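As given, the protein sequences belong to chains A and B, one line each in that order. Note that my numbering has the first sequence beginning at 1, numbered continuously upward. Note that my numbering has the second sequence beginning at 1001, numbered continuously upward. To keep things clear, I will list the structure first and then write my remarks on it.
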Amino acid sequence: MSAGVHPLANVIASVARGITGVQVRWQGCAPEVKQRIYFANHTSHLDFVVLWSALPDAVRARTRPVAAQDYWEAGVRAYLAQRVFRAVLIARGRAAQDGTAQDGAVHSKSDARPEAGDAKAAAAQVIDQLAAAMGETDSLIFFPEGTRGTGEAIAPFRSGLYYLAKKLPEVELVPVFLENLSRILPKGEVLPVPLMGVLTFGEPMRLGDGEEKPEFLERACAAVSGLRRKGQS
Amino acid sequence: MMAMSWRLVVKDPQLAWLFCGVLGLLIVASAIGAVLARAAKTEGARATIDNLNARTRAWWKMCAIFALTLLVGRIGSLVLFSLLSLLALREYITLMPTRRADHRTLVWTFFFITPLQYYLIAIGWYGFFSIMIPAMAFLFIPTRIALSGDTHCFLERAAKIQFGLMICLYCLSYAPALLTLKIPGFEGRDARLLLYLVVVVQMTDVLKYVWGKTMGRHKIVPLVSPNKTWEGFLGGVLTATGLGAALWWATPFTPWQSAGMALAIAVAGAAGGLVMSAIKRDAGVKDFGAMIEGHGGILDRIDSLCFAAPVFFHLVRYYFEP
Chain A
1 MSAGVHPLAN
11 VIASVARGIT
21 GVQVRWQGCA
31 PEVKQRIYFA
41 NHTSHLDFVV
51 LWSALPDAVR
61 ARTRPVAAQD
71 YWEAGVRAYL
81 AQRVFRAVLI
91 ARGRAAQDGT
101 AQDGAVHSKS
111 DARPEAGDAK
121 AAAAQVIDQL
131 AAAMGETDSL
141 IFFPEGTRGT
151 GEAIAPFRSG
161 LYYLAKKLPE
171 VELVPVFLEN
181 LSRILPKGEV
191 LPVPLMGVLT
201 FGEPMRLGDG
211 EEKPEFLERA
221 CAAVSGLRRK
231 GQS
Chain B
1001 MMAMSWRLVV
1011 KDPQLAWLFC
1021 GVLGLLIVAS
1031 AIGAVLARAA
1041 KTEGARATID
1051 NLNARTRAWW
1061 KMCAIFALTL
1071 LVGRIGSLVL
1081 FSLLSLLALR
1091 EYITLMPTRR
1101 ADHRTLVWTF
1111 FFITPLQYYL
1121 IAIGWYGFFS
1131 IMIPAMAFLF
1141 IPTRIALSGD
1151 THCFLERAAK
1161 IQFGLMICLY
1171 CLSYAPALLT
1181 LKIPGFEGRD
1191 ARLLLYLVVV
1201 VQMTDVLKYV
1211 WGKTMGRHKI
1221 VPLVSPNKTW
1231 EGFLGGVLTA
1241 TGLGAALWWA
1251 TPFTPWQSAG
1261 MALAIAVAGA
1271 AGGLVMSAIK
1281 RDAGVKDFGA
1291 MIEGHGGILD
1301 RIDSLCFAAP
1311 VFFHLVRYYF
1321 EP
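Rendered as structure tokens:
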């Protein structure tokens, strides 16, 4: 079901590439057309676009970002997310936040807290939705921290990545480290400073046999932070 | 544009001769590179020759871009140098550990101060463009950082941004500012002055490289740069001085004056290379970037120009502008 890439998407990707002058390093794998979940540290609105722009055309057409519905469902944002980048919008609120919260977590703190059982059901529903969106062909770009950080330390991963890995054991999980993008466009800023970013793709991983949630999430987080270039703090 | 460029060349045959000289050098360099590539036997030699040929290929592109913008006129050069300033500043700031609170200061630096400096040069307002950064921006940067409320390493952060502004923007902008000088008997020919500066600076770098690779023995400051040798420096500076003297016909200078100018340019350029090497060494990197094949980043290529431009500009302005 992979439609062609929206022309505006390519334009935005080129502009983002120009501003960030990003250097792309395929360190642990090659760009290939296969089902993958790219998971990365999250520090800037540029993260998704820059990551997506680093993929070859054929892969781009089959790679969709995961984004929070409440943040991306109205106005220009909705157009960009749904029409231009074919984002998979997932429901959030406290319930789903534990599962796969994405950008804009700050904006939805006031949501009512449902019961624990509801939370679990909602989270499971989100995982089903993501798996369905991937279908047989598509890949996802996923930020397991749940919200944009300051760029200094990577926040602990939320459990969504684990449940996805469990549900889709044949899909490759590719860790990606985004460097300097928080300096280019930090959270809360509108104008970017055109510094140079670095984007590193690591070695694909999968959920191990009998691997428990905390170990897996820790391993995934270490896989991302391990891609930091030596000598860079 | 073609017609305009053509008219400029016809009107100023000496400029055309300078271009022909550069073109000839490039052809000779490519030919030598091709011969050396065939002769190279060992792995190490091959790597050096590959890098040499990559540099020559990049030179072709850089010369083409520079020549085209020069032919467009003052606007072309201003656009080129403002882009170079932005790219150099980007490479420099990327290496500096600026903080989240510096973001707005950097936005001002990139999108206001840089265009303003080149605008002031475009309108030829010497009294303002020569003090805007050392006097005004110098005060503005720490003020804006203080307003952000983050005092951690305050002076260090302010100083690092100020230094970047001085080198990548202020000093470099003196190169196109040559086009604003009014030298009696040299009206409408100032493009030659800019070309002269760039040719002498860049040829000093090339000659230092050639002398250093072939004769280099005694390192100048091995802790800063193991590639800089006394043989390379002296050979490069002296041959560049000779080259400058030989180019006197394209300038408002006599041969001896031209030799003196070239000497000043070459020495200032060498200082630039040394200072920027020290910054790179401190930051733990070999190059500022990877934009130019074989050379590294933009700032790696123009470090000597940044130091030579203000020296040359003020020498010319002091001695030749009434």
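We put the beta carbon where it would ideally sit given N, CA and C, even for glycine. In this text, all values refer to a predicted model and were calculated from it rather than measured experimentally.
With a threshold of 16 other beta carbon atoms within 10 Å, B:Asn1051 falls short and is exposed.
Here DSSP, grouped into helix, strand and coil, assigns A:Phe48 to helix.
Identification of chain B residues near A:Val193 by a Cβ-Cβ cut-off of 7 angstroms yields His1103, Leu1106, Val1107 and Phe1110, ordered along the chain. CA-CA distance, A:Ala30 to A:Ala9, rounds to 23 angstroms.
Within chain A, the residues whose beta carbon sits less than 8 angstroms from that of B:Thr1098 are Arg183, listed in sequence order. Scanning its chain for C-beta atoms nearer than 6 angstroms, with the 5 sequence neighbours on each side dropped, one finds around B:Val1311 the residues Ala1264 and Ala1268, in chain order.
Secondary structure note for B:Phe1110: it is in no alpha helix (DSSP H), with a DSSP letter that is neither H nor E. Judged by DSSP in its simplified three-state form, A:Thr20 adopts helix. Not flagged as an interface residue toward chain A: B:Ile1027, since no C-beta distance is shorter than 8 angstroms. Contacts between B:Thr1094 and chain A, judged by CB atoms closer than 9 angstroms, involve Gly21, Asn180, Arg183, Leu195, Met196 and Gly197 in chain order.
Annotated three-state conformation of A:Val66 is strand, per DSSP. Any Cβ of chain B closer than 8 angstroms to the Cβ of A:Thr150 would place that residue at the interface, and such an atom is present. With contacts defined by Cβ atoms closer than 8 angstroms, B:Ile1121 and B:Leu1165 do not form a contacting pair. Taking a 10 Å sphere around the C-beta of A:Glu218, we find fewer than 16 other C-beta atoms and assign the residue as exposed. Taken in chain order, the complete alpha helix (DSSP H) segments of 4 residues or longer contained in the region 1115 to 1187 of chain B are 1126 to 1129, 1138 to 1147, 1154 to 1164 and 1172 to 1177.
In this structure, the alpha-carbon of B:His1314 lies about 21 angstroms from that of B:Leu1243. Listed by position along chain A, the residues whose Cβ is nearer than 9 angstroms to that of B:Arg1090 are Gly21, Val193, Pro194, Leu195 and Met196.
Contact with chain B is absent for A:Pro144, since none of that chain's Cβ atoms lies less than 8 angstroms from the residue's Cβ. Contact between B:Gly1273 and B:Ser1304 is confirmed by a C-beta separation of about 5 angstroms, below the 8 angstroms threshold.
At a cut-off of 8 angstroms between C-beta atoms, B:Gly1294 does not count as an interface residue with respect to chain A.
Only buried fits B:Tyr1118, as 16 or more other CB atoms lie within 10 angstroms of its CB. A:Thr200 carries a strand assignment under DSSP once its states are collapsed to helix, strand and coil. Interface annotation, A:Glu218: not in contact with chain B, CB-CB separation never under 8 angstroms. Residue range Glu172 to Glu179 is occupied by the beta strand (DSSP E) that includes A:Glu172.
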